[in-house]
Ligand code: HH2
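Residue numbers (the working numbering): 583 to 848.
So this is what it looks like as structure tokens:
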């Protein structure tokens, strides 16, 4: 899954793809380099970020989304039903809701009616406060319980588990040790019976380990984190550097004598 942020303030690519032509070219490039899905977001969720009203998200997406949907399978990264509805009408085929349906009571009914896949992600609190002293007794079992509860809530709204993808929410209310435990704990999340997605790309915990302060230079760490999660059964990787990740996963899979791609999880 390739990341495309149509925002002025995303932590690693903010402002680069505000121009619709640049955004659509980026979507096409990531697809060519091996992405099966392009995740388009119009609201940064980096720690401390402010909310972007749905109307403004839609304005940012208005030209980009229909054009990108002509080039690729598009996922819309939003917690607001109004934005998701606009995106689905414009050709998006799935919804990435980092609030797992908690932010907007209209989201699950919409997803149920449209019968599209949804990514349910764990976050502690909201982007404004999530990195203020996050605490867990046992982060993997707490994230698992949270995702089990959101899966049940989705089910009650008519969204079956076959349409849900689970995500531990790397960097969303987690300290370094929590992120590492969750990458190691993918197998525990798989017990819930859905595919697992991880999104470690360029995130701060990689900088904490390597000393690299520039997010665009955290590719080595991103590759290592994705491979560690892949070895434990994750099958979807939300990344900025699609070509490099596709190469790394393809080679790792070949070494393990397992394919990497549509129908060949390890
Ligand atoms: N991470 C980010 C945004 N959306 N969605 C899912 N499902 N999982 C993630 O880990 C995830 C996500 C943050 O990364 P990015 O989009 O690069 O930055 P920003 O939120 O600043 O736009």
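Using N, Cα and C, we set each Cβ at its ideal position, and we do this for glycine too.
For residue i and residue j, what's the separation of their Cα atoms in angstroms?
i           : j           : result
residue 719 : residue 760 : 10 Å
residue 701 : residue 741 : 12 Å
residue 593 : residue 789 : 13 Å
residue 603 : residue 613 : 16 Å
residue 846 : residue 598 : With a pLDDT of only 46 at residue 846, under 50, the local geometry of the prediction cannot be trusted, and no value is derived from it.
residue 708 : residue 635 : 15 Å
residue 777 : residue 679 : 15 Å
residue 743 : residue 737 : 7 Å
residue 848 : residue 643 : With a pLDDT of only 39 at residue 848, under the threshold of 50, the placement of this residue in the model should not be trusted; the figure read from the coordinates follows. Their Cα atoms are separated by approximately 35 Å.
residue 596 : residue 809 : 26 Å
residue 633 : residue 681 : 13 Å
residue 774 : residue 722 : 13 Å
residue 731 : residue 685 : 15 Å
residue 653 : residue 610 : 6 Å
residue 628 : residue 787 : 13 Å
residue 608 : residue 703 : 25 Å
Mark residue i as exposed unless 16 or more other C-beta atoms lie within 10 angstroms of its C-beta, in which case mark it buried.
i           : result
residue 693 : buried
residue 589 : buried
residue 821 : buried
residue 769 : exposed
residue 710 : exposed
residue 783 : buried
residue 727 : exposed
residue 781 : buried
residue 683 : buried
residue 601 : exposed
residue 669 : buried
residue 725 : buried
residue 833 : exposed
residue 657 : buried
residue 840 : exposed
When the Cα of residue i is compared with those of the options, which residue comes out closest?
i           : options            : result
residue 583 : 659, 774, 706      : 659
residue 638 : 662, 620, 652, 657 : 662
residue 664 : 629, 624, 764, 630 : 624
residue 764 : 688, 595, 811      : 811
residue 748 : 737, 787, 733      : 733
residue 762 : 785, 776, 840, 744 : 785
residue 648 : 606, 830, 806      : 606
residue 729 : 739, 772, 698      : 772
residue 672 : 646, 818, 687      : 646
residue 800 : 609, 827, 738, 775 : 827
residue 739 : 721, 723, 722, 687 : 687
Compare the beta carbon distance of residue i and residue j with 8 Å and say whether it is the shorter of the two.
i           : j           : result
residue 766 : residue 814 : yes
residue 587 : residue 626 : yes
residue 795 : residue 803 : no
residue 677 : residue 618 : no
residue 816 : residue 779 : yes
residue 751 : residue 705 : yes
residue 651 : residue 666 : no
residue 616 : residue 837 : no
residue 526 : residue 585 : There is simply no residue 526 to check, as the chain begins at 583 and stops at 848 in what is shown.
residue 805 : residue 835 : no
residue 745 : residue 797 : no
Between the stretch 704-716 and the stretch 747-755, can you find at least three pairs of beta-carbon atoms closer than 8 Å? yes
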